[in-house]
Each structure stands twice: as structure tokens, then as C-alpha cells.
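A short write-up of the structure that comes next.
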Amino acid sequence: MMEKITYKYNPSDYDEMLCEYMTAFYRAYEEKNRVFMISEMGHLFSETKYAMKEGDISSSDREEMLTYFGELLYA
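Each residue of the sequence shown is one higher than the last, beginning at 51 in my numbering.
In C-alpha cells:
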């Protein structure tokens, strides 16, 4: 039986594109697909910047998110 992983950020709490990229990153993480995780990290970097400019997240939220996903990438 697979253990359900609990993540810090719930993709459904965010707008469409950010939600999609988070979901894809988490899927790659669960599959231990590092190449895909790196690819999705690039998308997350760009999309969090856009979300910040749109006022959806703060600068500190963006930094925390990128740090969190970076830590998963190198876990």
C-alpha cells in the first residue's frame, strides 16, 4: 500500500497554470523523475514570478515556494 504524501502547497489553491506546474512537479517527484522535476522547476520559476506580478502571491511567498520545490528537487 502506497503512503499518501502530504505537500506544503496544494496545487488547487492556485490559478490554472501554477496549479498545473505544481501538479506536474509533484508527479515527477513521486516517480523520482529528476529530469522532469528540473524541467518543471523552470516552469515554476516563471509562473511564480508571473503570479507575484499579478498580485496572487507575495515576493516572500514566491521565495518560500521556490525554496520548498528546490529542496524537494535535491532531497
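Glycine residues also receive a C-beta, built at the ideal position from the N, C-alpha and C atoms.
- When Cβ pairs closer than 8 Å are counted between the two stretches, the region 55 to 72 is seen not to touch the region 81 to 88, the count staying below three.
- In this chain, the alpha helix (DSSP H) harbouring residue 76 covers 66 to 80.
- With respect to the C-alpha of residue 122, the residue from 65, 67, 77 having the closest C-alpha is 77.
- In this chain, the alpha helix (DSSP H) harbouring residue 89 covers 84 to 103.
- Annotated three-state conformation of residue 108 is coil, per DSSP.
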